[in-house]
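Protein chains: 2
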Amino acid sequence: MTYCVGLLLNEGMVLLSDTRTNAGLDNIATYRKMFHFENPGERIITVLTAGSLSVTQTTIARLRDAIDSPDATPQTSVLLAPTMLAVAEIIGDVLAQVRRDIDEKLSMAQGASATMIVAGQRKGGGMRMFLIYPEGNFIEATEDTPFLQIGEHKYGKPILDRVVKPTTSLSDAQKAVLLSMDSTLRSNLSVGMPLDLCVVNRDEFRIDTLRRIEAGDESFRAMSDAWSHALRDGFSQISI
Amino acid sequence: MTYCVGLLLNEGMVLLSDTRTNAGLDNIATYRKMFHFENPGERIITVLTAGSLSVTQTTIARLRDAIDSPDATPQTSVLLAPTMLAVAEIIGDVLAQVRRDIDEKLSMAQGASATMIVAGQRKGGGMRMFLIYPEGNFIEATEDTPFLQIGEHKYGKPILDRVVKPTTSLSDAQKAVLLSMDSTLRSNLSVGMPLDLCVVNRDEFRIDTLRRIEAGDESFRAMSDAWSHALRDGFSQISI
Numbered sequence: 010m011t012y013c014v015g016l017l018l019n020e021g022m023v024l025l026s027d028t029r030t031n032a033g034l035d036n037i038a039t040y041r042k043m044f045h046f047e048n049p050g051e052r053i054i055t056v057l058t059a060g061s062l063s064v065t066q067t068t069i070a071r072l073r074d075a076i077d078s079p080d081a082t083p084q085t086s087v088l089l090a091p092t093m094l095a096v097a098e099i100i101g102d103v104l105a106q107v108r109r110d111i112d113e114k115l116s117m118a119q120g121a122s123a124t125m126i127v128a129g130q131r132k133g134g135g136m137r138m139f140l141i142y143p144e145g146n147f148i149e150a151t152e153d154t155p156f157l158q159i160g161e162h163k164y165g166k167p168i169l170d171r172v173v174k175p176t177t178s179l180s181d182a183q184k185a186v187l188l189s190m191d192s193t194l195r196s197n198l199s200v201g202m203p204l205d206l207c208v209v210n211r212d213e214f215r216i217d218t219l220r221r222i223e224a225g226d227e228s229f230r231a232m233s234d235a236w237s238h239a240l241r242d243g244f245s246q247i248s249i
Numbered sequence: 010m011t012y013c014v015g016l017l018l019n020e021g022m023v024l025l026s027d028t029r030t031n032a033g034l035d036n037i038a039t040y041r042k043m044f045h046f047e048n049p050g051e052r053i054i055t056v057l058t059a060g061s062l063s064v065t066q067t068t069i070a071r072l073r074d075a076i077d078s079p080d081a082t083p084q085t086s087v088l089l090a091p092t093m094l095a096v097a098e099i100i101g102d103v104l105a106q107v108r109r110d111i112d113e114k115l116s117m118a119q120g121a122s123a124t125m126i127v128a129g130q131r132k133g134g135g136m137r138m139f140l141i142y143p144e145g146n147f148i149e150a151t152e153d154t155p156f157l158q159i160g161e162h163k164y165g166k167p168i169l170d171r172v173v174k175p176t177t178s179l180s181d182a183q184k185a186v187l188l189s190m191d192s193t194l195r196s197n198l199s200v201g202m203p204l205d206l207c208v209v210n211r212d213e214f215r216i217d218t219l220r221r222i223e224a225g226d227e228s229f230r231a232m233s234d235a236w237s238h239a240l241r242d243g244f245s246q247i248s249i
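Printed below as a string of structure tokens:
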């Protein structure tokens, strides 16, 4: 499985993904699940993927092919699309088409599928974040629900429900997604290090921070330990 | 859905269940999911249920019928069974049989099923806790994993993973299961108040505390608020 989360905030957006892929418990590998389509200063689009690796890799490859094609048009290339909504529609259509293509090769019982978070901003437009379903339809993050999750989302949801608001700072947002991931890593083996963290400031149309957090990362471990400590302290101080 | 959790500790056991049952989002009702079979001073057995209400109610009813039957034997009555292992086997067999009976009436696509936590102690034996699967087989809580969960278990697992050990006191254990439930209630609509909390001291073979926590319960709300406060405090003190 996978855990990916994206926060859409007043100051910008923060995205985090794990990298563990498995075909059965005895076939575990590391694959990047965060992809960027960038024209720095004009637009930045980040895609997080969960689900069948054959579906997500083929979808990303087709999106790149469409960008590089000499016949690229605003209807096919996410770097030419006129709005973020149009970007989400292109990606949704490609994802659904790839899924249909692969399903034809598989029996119905095995049907492969994937979900994606697509987030970004182009010059002249607002910053937007979408969750794209396997069928290609999508929902959007809003002020009321400023975060989207895909994959193993349940373990890490309580912390987000409690601390994330549109006014949350980008620094607190990074803390929140890392602690949300930390809870997931502790409780579910199918989600694993290293992690990819991306921060994009509003109206900059480029990646501000891109960080790969390896298994032995000292600062992540310190944060995880501090959080465990804070939880235990808080727990011991509560009376029933 | 449902969330039920049981902790098996050196001092005794603590069990907690919600009461929300739904047949679709527009058909929500309150049903007890915690049941006791008690011969005070000789044995106490508590059962927590998750899954199809038709399966769980029929299973509990058949277990009661078997106890009350004039033909009750150690092979059929959980109050006569020689060990807690035998109790788990009786309940697993009845659960699997009920499921088969109901499945015959339903199309395969709709198959009804249920899982249960069975916990207790009889005089002369140890305190034991089992998770019974829909097929009637089961696993047991151990020193390494002193808690079992059924239903919507993911939201409330991180806090248990962090604080529950066999040496945890019964007071802390109540706090842990209530906070685990609190996280679940906040993040998942299909789990709802009121709650049923049960505490059994080791080697007493009777219920020590049985408490129904209603939606407006002041002490539960105070604990929930204190926990939110502690989480936010802890969060704000961590640096990344």
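If you read the sequences in order, they're chains A and Z. Numbering follows my numbering, in which position 99 of the first sequence is assigned residue number 108; successive positions increment by one, without gaps. Numbering follows my numbering, in which position 18 of the second sequence is assigned residue number 27; successive positions increment by one, without gaps. For each residue, glycine too, the CB sits at the ideal point set by N, CA and C.
### Task
Let me know the secondary structure DSSP gives Z:Arg211 once reduced to three states.
Of the three classes helix, strand and coil, the one that applies to Z:Arg211 here is coil, per DSSP.
### Query
Would the beta-carbon of Z:Met190 fall within 8 Å of that of Z:Asp77?
Annotated as distal: Z:Met190 and Z:Asp77, with beta-carbon spacing of 8 Å or more.
### Enclosing beta strand (DSSP E) for A:Met125 [first to last residue]
For A:Met125, the enclosing beta strand (DSSP E) covers residues 123-131.
### Query
Going by Cα to Cα distance, which pick from A:Cys13, A:Asp112, A:Ala75 is closest to A:Ile100?
The residue with the shortest Cα to Cα distance from A:Ile100 is A:Ala75.
### Under 9 Å from the C-beta of Z:Ile53: neighbouring residues of chain A
Going along chain A, no residue has its Cβ under 9 Å from Z:Ile53, so there is no contact; the nearest lies around 22 Å.
### Query
Within this structure, are the beta carbons of Z:Lys163 and A:Tyr40 separated by less than 8 Å?
Not in contact: Z:Lys163 and A:Tyr40 (Cβ atoms no closer than 8 Å).
#### Entry: Run of the alpha helix (DSSP H) containing Z:Arg109, from where it starts to where it stops
Where Z:Arg109 is concerned, the enclosing alpha helix (DSSP H) stretches over 93-114.
### Query
Is the Cβ-Cβ distance between A:Leu62 and A:Leu206 less than 8 Å?
No, these two residues do not count as a Cβ contact at 8 Å.
### Query
Residues of chain Z with a CB under 9 Å from the CB of A:Leu240: which are they?
By Cβ distance, chain Z contributes Pro167, Ile168, Arg171, Val172, Ala239, Leu240, Gly243.
### Rounded C-alpha distance that separates A:Ala128 from A:Arg215
A straight line joining the alpha-carbon of A:Ala128 with that of A:Arg215 spans about 12 Å.
### Message
In whole angstroms, give me the CA-to-CA distance for Z:Met125 and Z:Gly133.
### Response
About 24 Å.
### Query
With 16 other CB atoms within 10 Å as the buried threshold, where does A:Thr11 fall?
Flag for A:Thr11 reads buried.
### Message
Suppose contacts are defined by Cβ-Cβ distances below 8 Å. Is A:Val200 in contact with A:Glu161 by that definition?
### Response
Yes. Within cutoff.
#### Entry: First through last residue of the beta strand (DSSP E) which encompasses Z:Met9
Here chain Z comprises residues numbered 10 to 249, so residue 9 of chain Z is not present and cannot be evaluated.
### Message
Closer than 8 Å is the cut-off here; do at least three beta carbon pairs connect the region 44-64 of chain A with the region 228-246 of chain A?
### Response
Touching, no, given that fewer than three Cβ pairs across the two stretches are closer than 8 Å.
### Query
Given that A:Leu179 touches chain Z, what residues does it touch there, using C-beta distances under 7 Å?
Using a Cβ-Cβ cut-off of 7 Å, A:Leu179 is close to nothing in chain Z; its nearest Cβ partner there is about 11 Å away.
### Query
Quick one, which residues of the region 196-227 of chain Z are near chain A if we go by CB-CB under 9 Å, in chain order?
Of all residues in the region 196-227 of chain Z, only Ser196, Asn197 place a beta-carbon less than 9 Å from a beta-carbon of chain A.
### Task
List the whole-angstrom C-beta distance separating Z:Val23 from Z:Leu16, where the pair is believed to meet the contact cut-off of C-beta under 8 Å.
Between Z:Leu16 and Z:Val23 the Cβ distance is about 5 Å, and since that is below 8 Å, they are a contact.
### Message
Given this structure, state the Cα-to-Cα distance separating Z:Met136 from A:Ala235, to the nearest angstrom.
### Response
The alpha-carbon atoms of Z:Met136 and A:Ala235 are separated by roughly 35 Å.
### Task
Quick one: give me the first and last residue of the alpha helix (DSSP H) that A:Gln246 is part of.
From DSSP, the alpha helix (DSSP H) with A:Gln246 extends over 227-246.
#### Entry: For A:Pro167, the nearest candidate out of Z:Ala95, Z:Leu240, Z:Thr176 (CA to CA)
Measuring C-alpha to C-alpha distances from A:Pro167 to each of Z:Ala95, Z:Leu240, Z:Thr176 identifies Z:Leu240 as the nearest.
### Query
Rounded to the nearest angstrom, how far is the Cβ of A:Ser180 from that of Z:Asp170, given a contact under 8 Å?
Incorrect: roughly 27 Å between the Cβ atoms, too far for contact.
### Query
Taking all protein chains shown into account, do 16 or more other C-beta atoms lie within 10 angstroms of the C-beta of Z:Lys42, making it buried, or fewer, making it exposed?
Buried is the call here.
### Task
Helix, strand or coil for Z:Ser26, going by three-state DSSP, please let me know.
Z:Ser26 falls in the strand class under three-state DSSP.
### Query
Do you know whose CA, among A:Leu140, A:Ala38, A:Gly50, A:Glu20, lies nearest A:Pro203's CA?
Cα-wise, what sits closest to A:Pro203 is A:Ala38.
### Task
Step through the CB atoms of chain Z and report whether any lies within less than 8 Å of the CB of A:Ile148.
Output row for A:Ile148: interface = no.
### Task
Check A:Asp80 in the structure and name its three-state DSSP category.
Coil at A:Asp80, not helix or strand.
### Query
If we ignore side chains and look at the alpha-carbon of each, how far apart do Z:Ala185 and Z:Val172 end up?
The straight-line gap from Cα to Cα measures roughly 7 Å.
#### Entry: Minimum C-alpha distance to Z:Thr92 - residue among Z:Arg52, Z:Arg109, Z:Asp102, Z:Arg73
If you compare the alpha carbons of Z:Arg52, Z:Arg109, Z:Asp102, Z:Arg73 with that of Z:Thr92, the shortest gap goes to Z:Arg52.
### Query
Under a CB-based cut-off of 8 Å, is A:Ser7 close to chain Z?
This structure leaves residue 7 of chain A out entirely; chain A is present only between 10 and 249.
### Query
What number of angstroms, rounded off, separates the C-alpha of A:Phe139 from the C-alpha of A:Ile159?
When rounded, the distance between both Cα atoms is 11 Å.
### Query
Is the beta carbon of Z:Ile249 less than 8 Å from the beta carbon of A:Leu104?
In this structure, Z:Ile249 sits away from A:Leu104, with a CB-CB distance that is not shorter than 8 Å.
### Close Cβ partners of A:Asn19 (< 8 Å) along its chain, the five nearest in sequence each way excluded
Its chain contains Pro175, Thr176, Arg211 as the residues whose beta carbon lies nearer than 8 Å to that of A:Asn19, once the 5 sequence neighbours on both sides are disregarded; these appear in chain order.
### Message
Under 8 Å, Cβ to Cβ, is there at least one residue of chain Z near A:Tyr12?
### Response
Between A:Tyr12 and chain Z, the shortest Cβ-Cβ separation is not below 8 Å.
### Message
Based on DSSP bridge pairs, tell me the residues matched to A:Arg220.
### Response
In DSSP, A:Arg220 forms a bridge with A:Leu206.
#### Entry: Z:Ala90, DSSP secondary structure in three states
Looking at Z:Ala90 - three-state DSSP - the assignment turns out to be coil, as it is neither helix nor strand.
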